[in-house]
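Novice: What follows is a structure written as structure tokens; I'll ask about it next.
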Amino acid sequence: MCEDELIPPQADMTEQEWLHTGSATTAGEPSMPTTGRTVPFVNRRTLLGGAMAGAALAVLPSPAQSPASAAARRGAPGAFPFPEHPNGKGEFAILVTGDAGTGDEAQYAVAAAARDVCQAERVGLAVGLGDNIYENGPESDDDAEFQDKFEKPNSGIDVPWLMVLGNHDCSGLIPGSGGDPSRGDREVAYAATSRRWYMPSRYYSVPLPAADPLVEFFAIDTIPWSSYVAQVDPRYRWDGPYMREQRSWLDGALRASRARWKVVIGHHPYLNNGKHGSAGSYDGFEIGNYTSGVHLKDMYDGVVAGRADLILSGHDHTLQILEPTARTGGTRQVVCGASAKTEDGKAHFGHPAAWQNFSDHGFMLLKVSGARLTIEAYTVDVATRKATLAHRTRQTQPVSAPAGAHA
Ligand SMILES: [Fe+2]
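Under full-length UniProt numbering, the residue at position 203 of the sequence shown is numbered 203, and the numbers go up by one with no gaps.
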């Protein structure tokens, strides 16, 4: 069972609804209202969600390990190193993939096409935007799925992969529910034995290059705020210690960053024209503080918007390069979740887009220099395993660059 088959899209919020959803916050101050939003209607989706929540109560998550909040290279012996210098083209080139972990032919085809582009473009780093292991994450720290759904398809893309958790990585009884966050700890543990898979903790940052960063990546865990069921482990509840700590960490990390460009990477999008919709109104239903992503929206509004140049997300199996707007404070949302699956071929919402595609498989490249940030979208023909450059967007002004950062 997959959530895609269960929940049809609903109308996204208007600008006014967007602005008044959740509690207004200032940057870095967690908003933790004591009551959830009112369930606006009771229909099939609401009843379904209730049934899913009830089912989740029968399977209590195991205790979670304490997440570290700082990145340290803790990969296996021989782990592929982070690039220390721009490539021969004067840029750091980064492969961006999402929702890839099916183990099916389409994943292998997209990875093969990406491998050719990575070699031509001298890519030195890759990003995996969650749903790394379908349908309900790994069963152990060394599950064979890590080989079949990550290592084998990505063979030859021999760079560090910044991995984030998706809802399918953190599910137990109900695949895709996101109702068992502790399962994500297995993906953290796997990083200790993989040359590619980088996930030193459930959320972390990576400055590049480390000594004098030009770009910094902030990997976040969006799952407990966007799950299709209520969280039953107190640690992972919407107002529990884990999400409070993460929000505080992200605020401090963005503030402290000396990088010219700042990129937040997380599974669930802030804005989205695909069928799942945007944070605060995901899938048109909610269970108290969950499912709609109302608290994730609050975090994006209060901590990320206007402070990061990009938010890279998956979850929707589409390719979207949205435009920065007043709503986002100049932050650009990019959705890149078509590395193994595709969607229904049409836009469901109308957020301004530089380019978007709802039909094809694909991936993106991010190219970073002091002068510009470039996003390239590639579509892939699965039958021939060939990639086509479909669109290129460039921006030259960071949203917020500290004094003394690279120019
Ligand atoms: Fe997802």
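Glycine included, every Cβ here is placed at the ideal spot set by N, Cα and C.
Here the structure is a predicted model, which is why all the values come from computation and not from measurement.
Apart from the five residues just before and just after Phe80, which ones in its own chain have a Cβ nearer than 8 Å to its Cβ?
Specialist: Asp158, Val159, Pro160, Arg195 and Arg196
Novice: Could you name the residues that DSSP lists as bridge partners for Asp381?
Specialist: Bridge partners of Asp381: Lys386.
Novice: By a C-beta neighbour count over all protein chains shown, 10 Å radius and 16 as the cutoff for buried, is Pro30 buried or exposed?
Specialist: Its pLDDT being 38, under 50, Pro30 is placed unreliably by the model, and nothing is read from it.
Novice: How many Å lie between Ala219 and Asn87 at the Cα?
Specialist: C-alpha separation (whole angstroms): 23 Å.
Novice: Between which two residues does the alpha helix (DSSP H) holding His348 run?
Specialist: Counting along the chain, His348 falls outside any alpha helix (DSSP H), and DSSP gives it neither H nor E.
Novice: Looking at the structure shown, is Tyr134 part of a helix, part of a strand, or coil, going by DSSP?
Specialist: coil
Novice: Quick check on the DSSP output: what are the complete beta strand (DSSP E) runs of length 3 or more inside the region 161-216, in order along the chain?
Specialist: 161-163 and 204-208
Novice: Listed in chain order, which residues are found with a beta carbon closer than 7 Å to a heavy atom of ligand 1?
Specialist: Asp99, Gly130, Asp131, Gly166, Asn167, His168, Gly176, His267, Gly314 and His315
Novice: How many angstroms separate the CA atom of residue 427 from the CA atom of Asn154?
Specialist: Here the chain has residues from 1 to 407 only, and residue 427 is not among them.
Novice: Skipping 5 residues on each side, what residues in its chain have a beta carbon closer than 6 Å to that of Ser257?
Specialist: Exclusion of the five residues before and after Ser257 leaves Glu216 as the residues of its chain whose Cβ lies within less than 6 Å of its Cβ.
Novice: Suppose you measure from the CA of Arg183 to the CA of Ser369; what does that come to, to the nearest Å?
Specialist: Cα-Cα distance, rounded: 37 Å.
Novice: Taking the beta strand (DSSP E) that Gln147 belongs to, which residues open and close that run?
Specialist: Careful: Gln147 lies outside any beta strand (DSSP E) and carries neither H nor E.
Novice: Please classify residue 409: does DSSP put it in a helix, a strand, or coil?
Specialist: In the structure displayed, the chain extends from 1 to 407; residue 409 sits before or after that span and is not available.
Novice: Could you check whether Ala338 and Thr325 sit closer than 7 Å to each other, using their CB atoms as the reference points?
Specialist: no
Novice: Given this structure, state the Cα-to-Cα distance separating Ala76 from Ala191, to the nearest angstrom.
Specialist: 7 Å
Novice: Could you name the residues that DSSP lists as bridge partners for Glu376?
Specialist: Leu365 and Arg392
Novice: What are the start and end residues of the beta strand (DSSP E) that includes Arg332?
Specialist: Residues Arg332 to Cys336.
Novice: Just reading off the alpha helix (DSSP H) that Ala109 is part of, what are its end residues?
Specialist: Glu105 to Glu121
Novice: Count the other CB atoms within 10 Å of the CB of Thr291; is the residue buried (16 or more) or exposed (fewer)?
Specialist: buried
Novice: So, does the region 231-246 touch the region 271-280, judging by three or more C-beta pairs under 8 Å?
Specialist: At 8 Å Cβ cutoff, the stretches do not touch.
Novice: Where are the beta strand (DSSP E) runs, 3 residues long or more, that stay fully inside the region 245-321, in chain order?
Specialist: 261-265 and 310-313
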